[in-house]
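Residue numbers (UniProt numbering): 1 to 363.
Glycine included, each C-beta is placed from N, C-alpha and C at the ideal position.
Note that the structure is a prediction, hence the values are computed from the model and not measured.
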Amino acid sequence: MFPFFIKVNQYLFYNFAASNQPYITMLNGHGDDSYRYDRKITLNFSSNVYHHTSLAPLFRHLENCWEQVRSYPEPSPHAVESQLAQAMGISAESVCLTSGATEAIYLIAQTFSGRRSCILSPTFSEYADACRLHGHQVRSIYTTDHLPEDADIVWICNPNNPTGAVLPHDEMKRLAARHPDVLFVIDQSYEDFTTRMLFSPHEAGALSNVILLHSLTKRFGIPGLRVGYLTARQEWTARIRQNKMPWSVNTLALEAALFLTEHEKDFRIDLQALLEERARVAGQLEALRIAEVWPGETHFLLARLRMGKASALKDYLAETHGMLIRDAGNFEGLDERYFRIAVQSPEEDDRLLAAIGEWMFSI
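Quick look at the structure:
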């Protein structure tokens, strides 16, 4: 399976992009783009969000918070940072709350502007976009076995988007230890959706060359509220805060973060059932010989069509069935046959599988 990556993993791409390379945004290339279609989207598999966590208690809480929008929120969200830090057993100075993990990505790129950044690909486009915006020299790498000697920063999504693959904890520790002069930015936004062991904030805080990214958006299924945070040694968080705008996280998002972290046990995900459903959907796609599925260890999956284009499949599902998937052809290193779906309920997933089967018989 995946001969392209079997081949590409044998090589490293060692030419840095020119420092004056234009900023390339994928704002119009991410998932969750239901606004592009006239038909109402009723089933959304396109963003890596599980939509069946009940948010009713949060909504009731936020209904009582509307009066607070008449006042400014905290310029720096110390209350939420302190609550998160207490839950993780680290100091509040080691936590920096952001407007989604994406703000953290751009803040890090700004703080270390002009560096040489390597990005383990295929992966989330915002690492490269943020780096180019802030004058980094950027290259894609496809393995961590032999890092370029002049790399300053390595960006790793773990679990990775879009593949769902997870680099082992011991391997990540050895990687950081072997390269003490390289800063490793490790995006763990999907850490709550895998059973594999990952870096803990306590471990990262003890290392001089690791910054972790985290996402309440993914954990609780609240992408519209934009709440994320980073954890690292205090020297890094202090530098990053110098570039952070005041009031970057709005009042309702702060209230949501306080409420959700305080009541986290009330929002538990049946992770084992979700991973089993992911395996079932992957097996169905393989059995139907519709697509090859990338091995993954989280709740979403990346697949490559055996025939046809992912963009055509996406349009068919949206326009004919009101279902939305992610066309993954614009990820670095992937082609026009790749798509990504985040599994939902078994009933919804079965409807998606049936609709994909219909499309295959129609082309």
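Of the candidates Ser-362, Ile-363, Glu-358, Val-343, Val-343 places its Cα closest to the Cα of Leu-43.
Around the beta carbon of Tyr-35, a 10 Å sphere encloses fewer than 16 other beta carbons of the protein chains shown; the residue is thus reported as exposed. Looking at the backbone, the Cα of Arg-60 and that of Ala-151 are separated by about 48 Å.
One Cα belongs to Glu-103, the other to Arg-241, and the distance between them is close to 12 Å. Judged by pairs of C-beta atoms under 8 Å, the region 110-120 touches the region 128-141, as three or more such pairs exist. Looking at the DSSP output, Tyr-190 sits in no beta bridge, so it has no partner there. Tyr-50 is the residue among Tyr-50, Leu-198, Lys-40 whose C-alpha sits nearest the C-alpha of Pro-346. Boundaries of the beta strand (DSSP E) around Arg-116: 116-120. Taking a contact to require three or more Cβ pairs closer than 8 Å, the region 308-324 and the region 250-257 do not qualify as touching. The three-state secondary structure of Leu-252, taken from DSSP, is helix. Under the 10 Å beta carbon count, Tyr-72 is surrounded by fewer than 16 other beta carbons and is classified as exposed. Judged by DSSP in its simplified three-state form, Asp-327 adopts strand. For Leu-58, same chain residues with a beta-carbon under 7 Å away, outside a window of 5 residues either side, are Ala-256, Phe-259, Leu-260 in chain order. Leu-288 counts as exposed, since fewer than 16 other C-beta atoms from the protein chains shown sit within 10 angstroms of its C-beta. Only residues of its own chain outside the window of five on either side were considered, and among them Lys-309, Ala-310, Ser-311, Gly-329 have a CB closer than 7 Å to the CB of Glu-336, listed in chain order.
Contact between Gly-296 and Ala-101 fails: their C-beta atoms lie close to 19 Å from each other, not under 8 Å. Counting only residues of its own chain and dropping the five nearest sequence neighbours on each side, Ile-341 has a CB closer than 8 Å to the CB of Phe-45, Ser-46, Val-281, Phe-300, Leu-301, Ala-303, Ile-325, Arg-326, Leu-352. When the beta-carbon positions are compared, Gln-284 and Glu-93 stay at least 9 Å from each other. By the 16-neighbour rule on beta-carbons within 10 angstroms, Gly-164 is buried.
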